[in-house]
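Numbering (our numbering), first residue to last: 13 to 1050.
Here's what the structure looks like:
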């Protein structure tokens, strides 16, 4: 069965084998003979551990197999991994107190035995010193020497306690034997302690000094070079030099490095090229590479918000493997940074020698040449390793404002004039073209094709009521078939590539900045134009005015790029970008001639400027993060290119060649700079291991719904990471599949409740109703057969968004409770009932009007307590709502009359966190199970009936209480039959009980889970398993 939670440790055995601890399970990833990567579990050899695996160490034996030791909490085991990739010879570490003391307790009037420093403590770190010898350090500073006997068990042969008994947050053992071992310890107060477990200075502190302004999380040491690194929750990495001083051992601080934005959990010293390099990871999902002087060489984002816990390094392939809190393992090759011969990033100043003149605009031409316009209206062409060529000198009245390039043509616009230049190896495309520069043997010549004065005062664009300003060209957009020009009055002219035939003319609606930010042609009928105010307009080629408007698609700053994603018989799927960090998918319906917003995908680029296709792979996303130009992929979080250029308010261009060589040119401080990057090494990995990656939540998952459709099982989940995730499940074996998968960034806060609703128009689709923080409710259409294509139908906020409230000119009042959360929901026909954190039970109607869904609040009732859960049951032709709140009551409501509940069932003394409702064979009889903060599980059998006048009667038949099952709040319960119940709590106990006698809940089975902060559980009968979720998930076989 599968577990996906914190991956806390990883260990590289060789370039083809990798060990990783995910939760309480150990996995081996190895490369098969056919090149595929297989994942094997050690469950058959390793017992089920109570805690997560926190450390792995290994050693290759003479036989060719690997000796592996690991520890989890207070437990420690050893295994042997054979050359056939099977685990065997389990050995357990026996930790007990070798010496005990007797103490008289006057209150108990008895002699008590105790140990001054217990050995069966939580284990901080462990290291193999030989084939049959190991050393570990407990969390209170006790070093234990362990030796393996003939039967494979490990026993303590020697111990040493450090004189500083503080609780350790990290420790490290350096040395090859017990006799020369050196122990490093880090405390909660930032104290770095060095001591030995053997010799005349046994247990004495050799060196102690405050190292950080917070907890020390990791210590790494290269004893041969005397180089030490420490990391802490003060977001820093420190480099130290170990040396012998007058008072013995001393550490000298070399560098205090800040490159992370959150706590730094781990670092690793890497030796390459005769120098020390340091890799650090932390809570901000970033991996940072440092040189030994403390300079940050590179920062790589490895996950989308997940904490990075541990790392290991494969020296043969120069690959770093990182494990994260979402259970995924990532790899990143750093060889191009460590090998001086590889120039992965080259920055050059290519500014021509010009006196009192500087470039103002720049673009790439076909073939990599650079064209630039100076402040003196000169057009220059820069070819590789050649002197710049002056193409043309524009007249003074021709003040260049726009420079665009398409294939072999250069377009220069200013005021009302347009110049078109062509780069050609032979004859130009027009016989009237004038040659401006002479080419060498290999370089093309430059021709002036046209010099035009454009007239926007066409009869089709009749004058409006208000006087039109003096017309100048404000935007110019070039495609392979069209040239789109727009003036400052919103008048758009669409020409062919030669600007000879006027295909159509259009007019933008009135606005403050009435010109274009993007344009895109779809066949011969449709044209998309985006203005500076954030509106996207759909035009018919034969009509002057727009036929459809999609407002504020990417906010107020406009759409920056439009790209065709897929063409279908029904219409076109398009991708759009803007300055809101989202890539949005829209659909143009051919028949209805309208635009529909389908979904938004959040990226790591804040200001997206362009999408560029790269062969068969996903498009490249390029834009700006603060002062950096960034290139990423739409399906990945890692950064392919990051350049500090000063920000996005400048002329720039990007050229991609061979799919992996990117050239970025920009103007900074009146200088022309060219950046060339080669990320082939980052994509074509030298390491053949393909680490699996699942699409699961980076924070706690709050709710999971199971959708079974045409033989497929799909999990739809939402959590604290504000993401709605859709995953396909293999129910037969109880695993989450890597593909297909989908995640939706439609929520601005956490998701608390999900409901699945039948689609009113398409029986093959379902509507996902999700709600949560900031009182937001979203409606998403999903086809279970095609998970990659979803449509966001509705996003509703009870108190509107902050930006909406700030736009209101009148009645700009603050909400009395802006943090209201939708906690639970139930759908009854076209009505949705929502329980809220502010104590209100609200009723909404969901209706479809003009091809759009709309939510409207029709009724609300103040219950006075935060409503945590809600469900419904059918009684005759009516519907009964059951609500569970923080007061421990189960309230029964008539859905047709929400004035007040008709019955209060007292189940708990405080909040109810989990429930299950099961109808019985007899009409009107039900079983209700709840689990609450009071650590109790209560099952009630009740009967509902309707009287002659429609009055509903409640009769409580039986109840049974389980008050000794769990030792923490209970968060999930599920009926396994009419007399058995599964329950799970924050104490990580999973218990099956029998309540058939109705006097006591009898425990039939008790299991443990390694999932922290458990939120609930689901039964998966296809695989005879339980699905437990919280901070991760686990399939538990029954």
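Idealized CB from N, CA, C, for every residue including glycine.
Compute the distance between the beta-carbons of residue 944 and residue 924, then report whether it is under 9 Å. Yes, they are a contact pair.
For residue 285, which three-state DSSP category applies? Here residue 285 sits in coil by DSSP.
Keeping to the same chain, check which residues put their C-beta closer than 6 Å to that of residue 566; ignore five residues upstream and five downstream. Same-chain partners within the cutoff: 590 and 592.
Can you say whether residue 978 is buried or exposed, counting buried as having 16 or more other CB atoms within 10 angstroms of its CB? Only buried fits residue 978, as 16 or more other CB atoms lie within 10 angstroms of its CB.
With a cut-off of 8 Å, do at least 3 Cβ pairs link the segment 330–347 to the segment 16–32? Yes, the segment 330–347 is in contact with the segment 16–32.
Any idea if residue 315 is buried or exposed, counting beta-carbon neighbours within 10 angstroms, 16 or more meaning buried? Buried, by the Cβ-count rule.
Quick check: the segment 264–282 against the segment 301–313, are there 3 or more CB pairs under 8 Å? The segment 264–282 is in contact with the segment 301–313.
What is the residue span of the alpha helix (DSSP H) that residue 349 lies within? 347–350 is the extent of the alpha helix (DSSP H) around residue 349.
Whole-angstrom C-beta distance between residue 78 and residue 38, which should lie under 8 Å: Cβ atoms of residue 38 and residue 78 stay farther apart than 8 Å, at about 12 Å.
So who's on the other strand from residue 508, going by DSSP bridges? According to DSSP, residue 508 bridges with nothing at all.
If you compare alpha carbons, which of 796, 80 and 578 is closest to residue 739? With distances taken between Cα atoms, residue 739 lies closest to 796.
Quick check: the Cα distance between residue 899 and residue 1026, rounded to an integer number of angstroms? Computed Cα separation, rounded: 21 Å.
With 16 other Cβ atoms within 10 Å as the buried cut-off, status of residue 821: Because residue 821 carries a pLDDT of 46, less than 50, the predicted location of this residue cannot be relied on, and the following value inherits that uncertainty. That one is exposed.
Cβ neighbours of residue 1000 in the same chain (closer than 8 Å, five flanking residues each side left out): Once the five neighbours on either side are set aside, the close Cβ partners of residue 1000 are 1020, 1021, 1022, 1023, 1024 and 1026.
For residue 835, does the count of other Cβ atoms within 10 angstroms reach 16, so buried, or fall short, so exposed? It is buried - the Cβ of residue 835 has at least 16 other Cβ atoms within 10 Å.
For residue 317 and residue 760, the rounded distance between their alpha carbons: Cα to Cα, residue 760 sits roughly 15 Å from residue 317.
Helix, strand or coil for residue 785 per DSSP? Three-state result, residue 785: helix.
If you count every other CB in all the chains shown that lies within 10 Å of the CB of residue 482, and 16 or more means buried, which is it? Exposed, because fewer than 16 other Cβ atoms sit within 10 Å of the Cβ of residue 482.
Are residue 623 and residue 609 touching if we call contact CB-CB under 9 Å? No, these two residues do not count as a Cβ contact at 9 Å.
With H, G and I counted as helix, E and B as strand and the rest as coil, what does DSSP make of residue 913? For residue 913, the secondary structure class from DSSP, reduced to helix, strand or coil, is coil.
Checking the sheet assignment: what are the DSSP bridge partners for residue 555? Note: residue 555 sits in no beta bridge, so no partner.
Can you grab the Cα-Cα spacing for the pair residue 518 / residue 553, in whole Å? Using only the alpha carbons, I get a separation of about 8 Å.
Three-state secondary structure (DSSP) of residue 976: Looking at residue 976 - three-state DSSP - the assignment turns out to be coil, as it is neither helix nor strand.
Reducing DSSP to helix, strand and coil, say where residue 631 ends up. Here residue 631 carries a strand assignment [DSSP, helix/strand/coil].
Pairwise C-alpha distance: residue 951 and residue 993: When only Cα atoms are considered, residue 993 and residue 951 end up about 9 Å apart.
Can you tell which of 408, 263, 422 and 679 has its C-alpha closest to the C-alpha of residue 378? Checked all of 408, 263, 422 and 679; the closest Cα to residue 378 is 422.
Would residue 974 and residue 1007 be called neighbours here (beta carbons separated by less than 9 Å)? It is a contact, given that the beta carbons lie within the stated cut-off.
Just confirm the distance between the C-beta atoms of residue 640 and residue 654, as a whole number of angstroms; I'd bet it's less than 8 Å. About 5 Å; that satisfies the 8 Å criterion.
So the candidates are 736, 714, 859 and 854; which of them puts its Cα closest to the Cα of residue 771? Per the C-alpha coordinates, the member of 736, 714, 859 and 854 positioned closest to residue 771 is 859.
Report the partner residues of residue 770 according to the DSSP bridge assignment. Paired residue(s): 778.
With a floor of 4 residues, list each alpha helix (DSSP H) that falls wholly inside the segment 645–705, ordered by position along the chain. Counting only runs of 4 or more, we get 692–695.
Looking at the strands, I want to know which residues DSSP matches up with residue 717. According to DSSP, residue 717 bridges with 728.
Below 8 Å on the Cβ atoms is my contact criterion, and I expect residue 988 with residue 956 to pass it. Report the Cβ-Cβ distance as a whole number of Å. Not confirmed; about 24 Å, so no contact.
Whole angstroms is fine: what's the gap from residue 127's alpha carbon to residue 86's? Legend: pLDDT at residue 127 = 46, less than 50; position of this residue unreliable, no value from coordinates given.
Pull up the DSSP beta-bridge partners for residue 416, would you. DSSP lists 423 as partners of residue 416.
Same chain only: Cβ atoms within 6 Å of residue 702, ignoring 5 sequence neighbours per side: Within the same chain, Cβ atoms closer than 6 Å to the Cβ of residue 702 are found at 49, the five residues on either side in sequence being excluded.
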